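Shown next, in structure tokens, is the structure this report addresses.
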């Protein structure tokens, strides 16, 4: 507790605390008697590095999931084409186009991020 008070700029010693309690009460006269001091920011508060990294991480996970799902769709449709299932080539073509666009967008965002970090 003494280290916390020292880190916050508090006093050491009981007499100093008692005198501080009498003069530094909150506006409403609360029971604690200490002046309001904002605590440190939590990990995901606005303006923290962790919050910016969280958005980037969520975007990475979403893009990766989309690319994997589209790749599985193309693979499954290609197997359907090999088995000569009805209209499988249409699904394979649409899936391949969507997969190519998603992969291109994912790679371009990675390249753009690499350029901005320099």
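Numbering (the numbering used here), first residue to last: 7 to 124. No residue lacks a Cβ here, since even glycine has one placed at the ideal position from N, Cα and C. If you're wondering where the values come from, they're calculated on a predicted model, not measured in any experiment.
Note the first and the last residue of the continuous alpha helix (DSSP H) segment covering residue i.
i: residue 66; result: 55-88
i: residue 116; result: 94-122
Just tell me which of the options has its CA closest to the CA of residue i.
i: residue 70; options: 115, 122 and 81; result: 115
i: residue 73; options: 62, 121, 108 and 122; result: 108
Determine, using beta carbons only, whether residue i and residue j come nearer to each other than 8 Å.
i: residue 83; j: residue 92; result: no
Cβ contact (3+ pairs, closer than 8 Å) linking the region 72-91 and the region 101-119:
yes
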